[in-house]
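Undergrad: Residue 52 in full-length UniProt numbering sits at position 52 of the sequence shown; the count goes up by one each step and never skips.
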Amino acid sequence: MTFRARRYATNYPIAIRHGATEHKCVVSNISETGACVVGMNDIALDEQVEFIHNGNRTPAKVRWIRIGKIGLVFDYNLSARALDQIRYSLRKSTRARPPQRATFTELL
């Protein structure tokens with residue numbers, strides 16, 4: 001039985017560098033060993049790419065391809081800090097907030 005790292009759902013903007021071209025994409029789920037990236041086309045299996053996130057570049061290889069999605073496996077595991085930055089960024093930025101009450105002076 002092989003170990004599979006736990007994957008975490010997210011919706012985090014990143015870039016993928018493939019050759020000289022940089023593509024803006026979104027990570028839909030991530031683990032310390034790989035990621036599912038949405039918005040990437042015209043790439044072949046086993047292509048080497050760079051996963052660019054928070055100013056960091058992580059080398060990765062294309063493991064699988066679906067329409068509009070690719071699966072990446074990282075050449076080395078993401079650090080816990082990098083993984084947490086990607087995992088928790090969505091929850092902090094899109095968390096539902098209670099409605100703000102207007103003050104009397106704002107209503108004038």
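Glycine is no exception: its CB is placed at the ideal position from the N, C-alpha and C atoms.
1. What beta strand (DSSP E) runs, 3 residues minimum, are completely inside the stretch 36-61?
2. If you run the structure through DSSP and keep just helix, strand and coil, what is residue 78?
3. List the residues that DSSP assigns as beta-bridge partners of residue 10.
4. Would you kindly check if the distance between the Cβ of residue 45 and the Cβ of residue 26 is under 7 Å?
5. Comparing C-alpha positions only, which one of 53, 75 and 60 sits nearest to residue 11?
6. Spell out the partners DSSP gives residue 22 in its beta bridges.
TA: Taking the geometry as given:
1. You should have 48-53.
2. Under the three-state reduction of DSSP, residue 78 is assigned to coil, being neither helix nor strand.
3. Note: residue 10 sits in no beta bridge, so no partner.
4. It is not a contact, given that the beta carbons lie outside the stated cut-off.
5. The option with the nearest alpha carbon to residue 11 is 53.
6. Paired residues: 17.
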